[in-house]
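Report on the following structure.
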Amino acid sequence: MSSRAKGARGELEAAALLVQLGFSARRTVQYNGLAGGADLETSCKGVHFEVKRTERLSPYLFMDQAIRDSAKRGEIPCLLMRSNNRPWLVTIRAGDLHEFVARVQASARLQPFDGPEAQ
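Numbering-wise (this note's numbering), the sequence shown opens with residue 6 and increments by one.
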């Protein structure tokens, strides 16, 4: 399987996970084709989700990318990552914890975006 296909599959899995957790979520690239944005569009406003599905996890390297991309929109970077046969991990910077929780709680009161979920 190509790395691109594995990445797309990982993004679909991560979107499905967020839907199971009560968020609306879908892959960004398949809808707008833009690179450099968040991997997922979600109902969790103000949070930038970066998805990594790889055997060799490099959380600081992955988080650096999420930080760069999230800074463009003033969002909290959140990393969703997993290896084969392992559960999803959610990584945020400790200093972002309070703001992350506040944004998640505020988003729970918002209407989900229009469109198919977890696509």
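Glycine included, each C-beta is placed from N, C-alpha and C at the ideal position.
{"Item": "Under the DSSP definition of a beta bridge, which residues are partnered with Val95?", "Value": "Leu85"}
{"Item": "Quick check on the DSSP output: the beta strand (DSSP E) that includes Leu45 runs from which residue to which?", "Value": "45-47"}
{"Item": "Determine the DSSP secondary structure at Glu16, reduced to helix, strand or coil.", "Value": "helix"}
{"Item": "Only counting runs of 4 or more residues, tell me where the alpha helix (DSSP H) segments fall wholly within the stretch 44-80, in order along the chain.", "Value": "64-76"}
{"Item": "What is the rounded straight-line gap between the Cα of Ser7 and the Cα of Arg98?", "Value": "30 Å"}
{"Item": "With DSSP collapsed to three states, give me the class of Ala113.", "Value": "coil"}
{"Item": "Could you check the C-alpha separation between Ala113 and Ser88 for me, to the nearest Å?", "Value": "29 Å"}
{"Item": "Within the same chain, show all residues whose beta-carbon is closer than 6 Å to that of Tyr36, passing over the 5 residues directly before and after it, in chain order.", "Value": "Note on Tyr36: pLDDT 49, under 50, position unreliable in the model; the coordinate value appears next. Answer for Tyr36: no residue qualifies."}
{"Item": "Around the C-beta of Ser29, are 16 or more other C-beta atoms found within 10 angstroms, so that it is buried, or is it exposed?", "Value": "buried"}
{"Item": "Pull up the distance between the alpha-carbon of Val109 and that of Pro82, whole angstroms please.", "Value": "13 Å"}
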